[in-house]
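Student: FYI, in the numbering used here the residues of the sequence shown are 75 to 435.
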Amino acid sequence: MIDYENLHQLNKPLFDEYKKAFNEVLESGWYILGNKVKEFEQQFAQYCQTKYCVGVANGLDALHLSLRALNFEQGSEVLVPSNTYIATILSIVENKLQPILVEPNLATYNIDPTLIERHITPKTKAILVVHLYGKMCDMDSIMAIAKKYQLKVIEDCAQSHGAQYKGKYSGSFGDYAAHSFYPTKNLGAIGDAGAVTTQDEGLANCIKVLRNYGSEIKYYNEVVGVNSRLDELQAALLLVKLKYMEKITAHKRVLANIYFNNLKSDFILPQLHSDYIDVFHIFNIRHEKRDALKDYLLKNEIKTEIHYPVAPVKQKAMKGIIDNQVTPIAELIHQTTLSLPISYFHPEDTIHKVVEVMNKF
């Protein structure tokens, strides 16, 4: 059986370094907001080409606290792609803001800049972009629109660690950028973890206060905050994996090229462009008979995933919130997308085998 993902196999080459890092934290006696968190924040900021990084508990908190810190009036509107993962929209709803869905470009699956302006109203305060599957958005166009209308920009970088647009890294464009280190990500922890990056010292300090009960000085609480601190142990483990990010990205790009160069034209493949360096957290294809294809591959001992089977507008939890918005492009994507195996642990011959089986469909 060819696994879609196998976290044991993925992390096995790093076990010895992980054990050493674990023991260092264990023996230090300091388990919350210690030196490992500070070191990871410094190194990840440098990796993202940003001035500041603040570690938080998970990717949703990174989004939630970024919106909290911007302090928009309740009911303000935030533009967001209609085909994103539900966490992006939850972060808006949690802050008592209104998600306004903007359809994606069908070629890139990212928010379509040509559609953004028609959704802007006097209540619009921000654009929350999502670099989906490991491809960055068209940030030149988006930043120009934001400047024209004086909107804030938040980047959801949960799937795009190391991705680039015209030489600039994911997470280095917006007022805030939210990162998830969920174990399956290209930069995955061994549990939940997240971070916020920014170029602004004041914005970074605001996240530091919010993540720690609203406190800058212990026992003195300036604002209503939360407990959302990057764990010292996860920071230590992330420091290990961060050293291998270029190697991980390079391997996944090699596997992606096998798909690009060998899959038959029946399958709609991701779009490539010289302005973008994609990191293929997910390699998605589309096919009108997606469910039959998925079943066929499983019968041939190849596991796949669907990111994501239900469009946000169709989620039961979103009834009365966004279900009155019309998103036919998103729904088409959700009905036809299929994610193929492309893990760092997959050897090249495994991906050739997947291609061989798929081309017989």
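We put the beta carbon where it would ideally sit given N, CA and C, even for glycine.
1. Assign Pro386 to one of two classes, buried (16 or more other C-beta atoms within 10 Å of its C-beta) or exposed (fewer than that).
2. Going by C-alpha to C-alpha distance, which of Thr401, Ala232, Ala237 and Tyr333 sits closest to Ser452?
3. Return the bridge partner residues of Ser254 from the DSSP annotation.
4. Ala200 and Ile228: beta carbons closer than 9 Å?
5. Does Ser417 come out as helix, strand or coil in the three-state DSSP assignment?
6. Which of helix, strand or coil does DSSP assign to Glu52?
7. Measuring only the C-alpha atoms, how far is His193 from Gln224?
8. Since I believe Ile166 is in contact with Pro415 (beta carbons under 8 Å), could you give me their beta-carbon distance rounded to a whole number of angstroms?
9. Pick helix, strand or coil for Lys94, following the three-state DSSP scheme.
10. Straight-line CA distance for Leu81 to Val328?
11. Secondary structure at Tyr333, three-state DSSP: helix, strand or coil?
12. Taking DSSP as the reference, what is the three-state secondary structure of Asp249?
13. Any idea what DSSP makes of Thr411, helix, strand or coil?
14. Three-state secondary structure (DSSP) at Gly236?
15. Given this structure, state the Cα-to-Cα distance separating Pro173 from Met392, to the nearest angstrom.
16. What are the boundary residues of the alpha helix (DSSP H) that includes Glu113?
17. Quick check on the burial criterion: 16 or more other C-beta atoms within 10 angstroms. Buried or exposed for Gln308?
Tutor: Let me lay it out:
1. With at least 16 other beta carbons inside 10 angstroms of its own, Pro386 counts as buried.
2. No answer is possible for residue 452: the residues shown for the chain start at 75 and end at 435.
3. Gly268
4. yes
5. Annotated three-state conformation of Ser417 is coil, per DSSP.
6. Nothing can be reported for residue 52, as the shown portion of the chain is limited to 75 through 435.
7. 14 Å
8. Not really, about 32 Å apart at Cβ, beyond 8 Å.
9. helix
10. 20 Å
11. helix
12. coil
13. strand
14. Coil at Gly236, not helix or strand.
15. 10 Å
16. The continuous alpha helix (DSSP H) containing Glu113 extends over residues Asn109 to Cys122.
17. buried
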